[in-house]
Amino acid sequence: MEDEIIKKNQENHDENHDENVNLVNHIEREEDNEFEEVRNSFAEIVDECGKILVGQNEIIELMIIALICDGHVLLEGVPGVAKTLAAKTFSKTINADFSRIQFTPDLMPSDIIGTSLFNMKEGTFNFKKGPIFSNIILIDEINRAPAKTQSALFEVMEEKQISYDGATYLMTEPFMVIATQNPVEQEGTYRLPEAQLDRFLLKINFNYLSAEEEVRILHRFKSKQSKADLSIINAIIDQDKISYLKHKSHEVHISDQLIEYIIAIIQETRINQDIYLGASPRAALALMKTSVAIAMINGRNFLIPDDIQAMAPSVICHRMVLTPEAEVLGKTQQSVLAEIIKSIEVPR
Numbered sequence: 002m003e004d005e006i007i008k009k010n011q012e013n014h015d016e017n018h019d020e021n022v023n024l025v026n027h028i029e030r031e032e033d034n035e036f037e038e039v040r041n042s043f044a045e046i047v048d049e050c051g052k053i054l055v056g057q058n059e060i061i062e063l064m065i066i067a068l069i070c071d072g073h074v075l076l077e078g079v080p081g082v083a084k085t086l087a088a089k090t091f092s093k094t095i096n097a098d099f100s101r102i103q104f105t106p107d108l109m110p111s112d113i114i115g116t117s118l119f120n121m122k123e124g125t126f127n128f129k130k131g132p133i134f135s136n137i138i139l140i141d142e143i144n145r146a147p148a149k150t151q152s153a154l155f156e157v158m159e160e161k162q163i164s165y166d167g168a169t170y171l172m173t174e175p176f177m178v179i180a181t182q183n184p185v186e187q188e189g190t191y192r193l194p195e196a197q198l199d200r201f202l203l204k205i206n207f208n209y210l211s212a213e214e215e216v217r218i219l220h221r222f223k224s225k226q227s228k229a230d231l232s233i234i235n236a237i238i239d240q241d242k243i244s245y246l247k248h249k250s251h252e253v254h255i256s257d258q259l260i261e262y263i264i265a266i267i268q269e270t271r272i273n274q275d276i277y278l279g280a281s282p283r284a285a286l287a288l289m290k291t292s293v294a295i296a297m298i299n300g301r302n303f304l305i306p307d308d309i310q311a312m313a314p315s316v317i318c319h320r321m322v323l324t325p326e327a328e329v330l331g332k333t334q335q336s337v338l339a340e341i342i343k344s345i346e347v348p349r
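For any residue, its number in our numbering is found by taking its place in the sequence shown, counting from 1, and adding 1.
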């Protein structure tokens, strides 16, 4: 009798174990399907932008990452490499308001944030909002405006609000600044202050396309008008979809070893002999958030070291200031960071 009871209990235990295993497997499959859906969402945006852009898939992916991470993007490249076109094309895939601000040397802060106008009927001053009050804002040639105008962006980029004449005006979600700039060596440009650069989640460098990609561009436009037709770009995501993607990013697992790996990279930028000014704590947070986003692009719900290494240049380089000695030797932020990453042990 006792043997029968033990046997029965063992059978029940085995059944419960099998049910638990099946439940875990079912949950894991559901999670895999959800992150596959997330990856497809990213791919859909890239494909839509590909109707206009050639050879810029990686750049579009980085802009999606910034959108999901509530960050801003700085696009840098020589004139004519489609920085503005990339920003405008990407904004068309988002079902949100868009505005463009052309920065010039005589631009005033009130031209960006707005100003008070006197209402003669009511005898009061009313605040007229500037073009910064939108969802996706393209700031073209940001480094052609002086420091006084640049300072108008500090509060709104960090806190998503404008304080004016004792009142606070909040931005609506999503809120993302996409700024373009020519290299600082170009005539008529100002070097952006470090405080301004630190507010950009990512800095993306535009390089010249390959010969094959330029041939594709010429073939695409040889029988068409030279101006890109942005009307063919469809809105792919809206605020609900963006919120969903942000929610999924919180489900990506980050091990303690990888958190320590991120901090090790950031700390090394502060003590490296070639670096005068290292990355800030804001950079550490940015590297973690963007690494999570690129894991999602690859359809994973967990972080690996490759994700961190892939995002480090776009997150950290513009936040580093090299010593004069390092610059004389021809070193760049990218080369110094590559040495730092190579010197740090990769977690297993």
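All residues carry an ideal CB built from backbone N, CA and C; glycine is no exception.
Label G78 either buried or exposed according to how many other C-beta atoms from any shown protein chain fall within 10 Å of its C-beta, with 16 as the threshold for buried.
-> Translated into positions along the sequence shown, residue 78 becomes position 77. Under this definition G78 is a buried residue.
For the 8 Å Cβ check, are there 3 or more pairs between the segment 92–104 and the segment 117–128?
-> Put simply, the segment 92–104 does not touch the segment 117–128. Fewer than three CB pairs are less than 8 Å apart.
Give the secondary structure of S92 by DSSP, where H, G and I count as helix, E and B as strand, and everything else as coil.
-> Counted from its first residue, the sequence shown places residue 92 at position 91. Correct three-state label for S92: helix.
Burial state of T333 (16 or more Cβ within 10 Å) = For the purposes of this step, residue 333 is identified with residue 332 of the sequence shown, where counting begins at 1. By the C-beta density criterion, T333 is exposed, having fewer than 16 other C-beta atoms within 10 angstroms.
Once you ignore the five residues that flank Q310 on each side, which residues in its own chain have a CB closer than 7 Å to its CB?
-> The sequence position of residue 310 within the sequence shown is 309, counting from 1. Around Q310: I342.
Just list the beta strand (DSSP E) runs in the segment 233–303, keeping only unbroken ones of 3 residues or longer that don't cross its boundaries, in chain order.
-> Taking only runs of at least 3 residues, the beta strand (DSSP E) segments lying wholly in the segment 233–303 are 276–278.
Going by Cα to Cα distance, which pick from K290, F99 and I345 is closest to M172?
-> Counted from its first residue, the sequence shown places residue 172 at position 171. Nearest to M172 by C-alpha distance, out of K290, F99 and I345, is F99.
Cβ neighbours of Q151 in the same chain (closer than 6 Å, five flanking residues each side left out) = Stepping through the sequence shown from its first residue, residue 151 is reached at position 150. Residues of the same chain with a CB within less than 6 Å of the CB of Q151, apart from the 5 flanking positions on each side, are Q197 in chain order.
When DSSP labels each residue in this structure, what does S164 get in the three-state scheme?
-> Taking the sequence shown and counting its residues from 1, the one referred to as residue 164 is at position 163. Three-state result, S164: strand.
Sorted by chain position, which residues of the same chain lie with C-beta nearer than 8 Å to F43's C-beta, five sequence neighbours on each side aside?
-> Position 42 of the sequence shown, counted from the first residue, corresponds to residue 43. Result list for F43: E62, I65, M297 and I298, in chain order.
Is the CB of E62 under 7 Å away from at least one CB in chain D?
-> This model lacks chain D altogether; it includes just one protein chain.
Taking the Cβ atom as the reference point for each residue, do I205 and I60 lie within a distance shorter than 7 Å?
-> Along the sequence shown, one-based indexing puts residue 205 at 204. Along the sequence shown, one-based indexing puts residue 60 at 59. Less than 7 Å separates the beta-carbon of I205 from that of I60.
For Q258, is the classification buried or exposed, using 16 other Cβ atoms within 10 angstroms of its Cβ as the cut-off for buried?
-> The residue you call residue 258 lines up with position 257 of the sequence shown. By the neighbour-count criterion, in which a residue is buried when 16 or more other Cβ atoms sit within 10 angstroms of its Cβ, Q258 is exposed.
Going by other Cβ atoms of all chains shown within 10 Å of its Cβ, with 16 needed for buried, is H319 buried or exposed?
-> Indexing the sequence shown from 1 puts residue 319 at position 318. Here H319 is buried: its Cβ has 16 or more other Cβ atoms, across all protein chains shown, within 10 Å.
With distances taken from CA atoms, which of L203, L202 and L219 is nearest L210?
-> Stepping through the sequence shown from its first residue, residue 210 is reached at position 209. Considering only alpha carbons, the answer is L219.
How many angstroms separate the CA atom of P348 from the CA atom of A285?
-> For this step, residue 348 is matched to residue 347 along the sequence shown. For this step, residue 285 is matched to residue 284 along the sequence shown. In this structure, the alpha-carbon of P348 lies about 17 Å from that of A285.
In its own chain, which residues sit with a C-beta less than 8 Å from the C-beta of I345, not counting the 5 before and 5 after it?
-> Start at 1 with the first residue of the sequence shown, and residue 345 comes out as number 344. Setting aside the 5 residues that flank it on each side, I345 is surrounded in the same chain by Y262, A265, I266 and E269, each with a C-beta closer than 8 Å to its C-beta; the list follows chain order.
Rounded C-alpha distance that separates Q240 from A313 = For the purposes of this step, residue 240 is identified with residue 239 of the sequence shown, where counting begins at 1. For the purposes of this step, residue 313 is identified with residue 312 of the sequence shown, where counting begins at 1. The alpha-carbon atoms of Q240 and A313 are separated by roughly 28 Å.
What three-state label does DSSP hand R200 in the structure shown?
-> Translated into the one-based positions of the sequence shown, residue 200 becomes position 199. In the structure shown, R200 sits in coil (DSSP, three-state: anything other than H, G, I, E or B).
Who pairs with I179 in a beta bridge, going by DSSP?
-> Sequence index remark: in the sequence shown, residue 179 carries index 178 (1-based). Looking at the DSSP output, I179 shares a beta bridge with V74 and L139.
Determine the DSSP secondary structure at L219, reduced to helix, strand or coil.
-> Looking up residue 219 in the sequence shown gives position 218. L219 falls in the helix class under three-state DSSP.
What three-state label does DSSP hand F126 in the structure shown?
-> Counting from one through the sequence shown, the residue named residue 126 turns up at place 125. In the structure shown, F126 sits in a strand (DSSP, three-state: E or B).
Skipping 5 residues on each side, what residues in its chain have a beta carbon closer than 8 Å to that of T85?
-> Here residue 85 refers to the residue found at position 84 of the sequence shown. The residues are L139, D141 and T181.
Taking only the alpha-carbon atoms, compute the straight-line gap between F91 and V55 and give it to the nearest angstrom.
-> Within the sequence shown, residue 91 is the residue found at index 90, counting from 1. Within the sequence shown, residue 55 is the residue found at index 54, counting from 1. One Cα belongs to F91, the other to V55, and the distance between them is close to 13 Å.
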